[in-house]
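A short write-up of the structure that comes next.
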Amino acid sequence: MTTFVDRVELHVAAGNGGHGCASVHREKFKPLGGPDGGNGGRGGDVILVVDQAITTLLDYHHSPHRKATNGQPGAGDNRSGKDGQDLVLTVPDGTVILDKQGNVLADLVGQGTTFIAGQGGRGGLGNAALSSARRKAPGFALLGEPGEARDIVLELKTVADVALVGYPSAGKSSLISVLSAAKPKIADYPFTTLVPNLGVVTAGSTVYTIADVPGLIPGASQGRGLGLEFLRHVERCSVLVHVLDTATLESDRDPVSDLDTIEEELRQYGGLEDRPRIVVLNKVDIPDGQDLADMIRPDLEERGYQVFEVSAVARLGLKELSFALAGVIAEARAAKPAEEATRIVIRPKAVDDAGFTVTYDEAEDVYRVRGEKPERWVRQTDFSNDEAVGYLADRLNRLGVEDRLMKAGARAGDGVAIGSEENAVVFDWEPSMMAGAEMLGRRGEDHRLEAPRPAAQRRRDRDAERDDAQREFDEFDPF
Ligand SMILES: Nc1nc2c(ncn2[C@@H]2O[C@H](COP(=O)(O)OP(=O)(O)OP(=O)(O)O)[C@@H](O)[C@H]2O)c(=O)[nH]1
Ligand SMILES: [Mg+2]
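If you use our numbering, the sequence shown corresponds to residues -14 to 464, in order.
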């Protein structure tokens, strides 16, 4: 028997973006031909996709660390780096994705349903892409961003139409073995089934799936026996079948009180109240069992249950049962809106990149800047390159970070941290507000490329630069 794994922790890492390249085109007699550094490639995503042929999460139990490939760095001559390859991980139908705190991130039901578990890092722009009218020859490029790394929990909730519940040894697995082609383990001791079994039943034109769960005993809700842990596998079923043992040798049990006990445990688990129930009286091949079944049947029917007498061993009453189940399932399916045929793609919540916050962090005596854009820009910056640092300062300035720092009370020389406590870039603040406009014009120009210009030309250039800067401010977001 293959091991069944229905809960695993998975560590995914998307690929890093490749760094942009800073390069200057060189040709004979034309030593400074302009910037030609290409962009870095995008890191690959980590993508989870439902494949109904897969039934367990076992693979991820054995190798829980998965990484997509990195984007390649850009190169001179305007060559872009290759994108990293997406890593596609197949999971069983009914896989629920949670974060480590137990919050549900996605519930993957249906062939092809897709979840982006980790987004690849963006590639850094090369200096060719960073050049503009006012920054003709940037001597820097942007760094690629790290890929998203996350710890997630995958939990399997079997997608079955019918769920069999009952005491240990009531004959649940035996029933699956005779209703379907599945061959679960069957034995005369309790808790033979340690993990759910799944079988496919064909009754006339209806095909449905049937699952059992490990046997329940009184106090399962307090963790007795195998507890209620496995009931999550019946959460998605459309009909619950009580398998009652009419031939138990335990003197303090009978099918009706067994039913009450199981119902009480289901109630403790919660959420299954609305599921239709069917009662199966099993083991009527045994004479005492048949007598008991005859005796309690009216009582159960009075309670509103549809009752079937069967024997899994002698194969009695199985056809009636499987067709009755098919009927209930067909009804349930008709009541449910037709499932979307299209593949559903679930993306992690889009990050809010609307703005940023500036707060004074007393513990560390810094002004802390938090926001998707400023933090991303910091990650893209090569701090060993003054020009790149200057470019970062310009971007922050134009976003209004300096302005807000000023309003928050920051003064020259104060510490400013961009990013979270664990992961921040800290520097001493030098306000460039006053000089800002002028700095913008000057930074990134290679004066060796400049020729003297007549006054009118200079004016036009200045206007163009201003428009350019404005446009860049309005719309320049390479991503
Ligand atoms: N005589 C008779 N024995 C049966 C019948 N159905 C199951 N059994 C026996 O009952 C015992 C338990 O059967 P299982 O199918 O393993 O029971 P289960 O409900 O899956 O038990 P757990 O997995 O332990 O919860 C086995 O020895 C079966 O052979 C039946 O209709 N008649
Ligand atoms: Mg069993």
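Beta carbons: idealized from backbone N, C-alpha and C, even for Gly.
**Request:** Determine, using beta-carbon pairs with one atom in the stretch 88 to 97 and one in the stretch 60 to 73, whether at least three such pairs fall under 8 Å.
**Result:** no
**Message:** Once the 5 residues before and after residue 300 are set aside, which same chain residues still bring their CB inside 8 Å of it?
**Reply:** 163
**Prompt:** Are residue 314 and residue 293 touching if we call contact CB-CB under 8 Å?
**Reply:** no
**Item:** Any alpha helix (DSSP H) of 4 or more consecutive residues that is wholly inside the stretch 342 to 420
**Value:** 357 to 364, 371 to 384 and 386 to 392
**Asked** Based on Cα-Cα distance, which residue from 225, 180, 249 and 119 lies nearest to residue 376?
**Response** 119
**Prompt:** Hey, which residues come within less than 6 Å of ligand 2, measuring from Cβ to any heavy atom, in chain order?
**Reply:** 157, 158, 177, 178 and 197
**Asked** residue 98 CB to nearest chain C CB: under 8 Å?
**Response** The structure shown contains no chain C; it holds only a single protein chain.
**Request:** Find out if the Cβ-Cβ distance for the pair residue 73, residue 34 is shorter than 8 Å.
**Result:** yes
**Asked** Between residue -3 and the rest of its own chain, which residues show a CB-CB distance below 6 Å, the 5 nearest in sequence each way excluded?
**Response** 31, 51, 102, 103 and 135
**Asked** Within the present structure, is the beta-carbon of residue 296 separated from the nearest heavy atom of ligand 1 by less than 7 Å?
**Response** yes
**Asked** Should residue 82 go down as buried or exposed, given a rule of 16 or more other Cβ atoms within 10 Å for buried?
**Response** buried
**Prompt:** Span of the beta strand (DSSP E) holding residue 100?
**Reply:** 99 to 103
**Request:** Closer than 8 Å by C-beta to residue 261: which residues in its own chain qualify, once you throw out the five before and the five after it? Chain order, please.
**Result:** 223, 224, 225, 313 and 317
**Prompt:** Which of the three DSSP states, helix, strand or coil, is assigned to residue 170?
**Reply:** coil
**Prompt:** Using CA coordinates, which residue listed in 195, 249, 239 and 241 is at the minimum distance from residue 203?
**Reply:** 249
**Message:** So, does the stretch 167 to 183 touch the stretch 145 to 156, judging by three or more C-beta pairs under 8 Å?
**Reply:** yes
**Message:** Check whether the stretch 391 to 400 and the stretch 136 to 144 are in contact - that is, three or more C-beta pairs closer than 8 Å.
**Reply:** no
**Prompt:** In chain order, what residues of the same chain have a beta carbon less than 6 Å from the beta carbon of residue 115, not counting five sequence neighbours either side?
**Reply:** 123
**Message:** Taking 7 Å as the cut-off, is the beta-carbon of residue 267 closer than that to any non-hydrogen atom of ligand 1?
**Reply:** yes
**Message:** Spatial neighbours of residue 431 within its chain, please: C-beta separation below 8 Å, excluding the five flanking residues on both sides.
**Reply:** In this predicted model, residue 431 has a pLDDT of only 45, less than 50, meaning its place in the structure is not dependable; the value taken from the coordinates is given anyway. These residues qualify, in order along the chain: 17, 121, 122 and 124.
**Asked** Leaving out the 5 sequence neighbours to the left and right, which residues in its chain are closer than 7 Å to residue 58 when beta-carbon positions are compared?
**Response** 3, 4, 6, 25 and 66
**Prompt:** Quick one: what's residue 184 bridged to in DSSP?
**Reply:** 195
**Prompt:** Where do the N-terminal and C-terminal ends of the beta strand (DSSP E) with residue 291 fall, by residue?
**Reply:** 291 to 294
**Exposure of residue 307, with buried meaning 16 or more beta-carbon neighbours within 10 Å** = buried
**Message:** What does the Cβ neighbour count give for residue 413, buried or exposed, with the cut at 16 atoms within 10 Å?
**Reply:** exposed
**Message:** Just list the residues that DSSP pairs residue 313 with in beta bridges.
**Reply:** Bridge partners of residue 313: none, in fact.
**Asked** Beta carbon of residue 240: closer than 7 Å to some heavy atom of ligand 1?
**Response** no
**Request:** May I ask whether a heavy atom of ligand 1 can be found less than 7 Å away from the beta carbon of residue 228?
**Result:** yes
**Asked** What number of angstroms, rounded off, separates the C-alpha of residue 372 from the C-alpha of residue -5?
**Response** 40 Å
**Message:** My output table needs one value for residue 20: the three-state DSSP class, helix, strand or coil.
**Reply:** strand
**Prompt:** Cβ of residue 165 versus every heavy atom of ligand 1: is any distance shorter than 7 Å?
**Reply:** no
**Request:** Name the one or two DSSP bridge partners that residue 52 has.
**Result:** -2
**Prompt:** Where does residue -7 fall in DSSP's three states?
**Reply:** strand
**Message:** Assuming the contact rule is C-beta atoms closer than 8 Å, residue 311 and residue 194 should be a hit. Round their C-beta distance to whole Å, please.
**Reply:** Going by Cβ atoms, the distance from residue 311 to residue 194 rounds to 12 Å, so no, they are not a contact pair.
**Message:** What residue range does the alpha helix (DSSP H) around residue 112 cover?
**Reply:** 112 to 115
**Exposure label - residue 47; buried when at least 16 CB within 10 Å** = exposed
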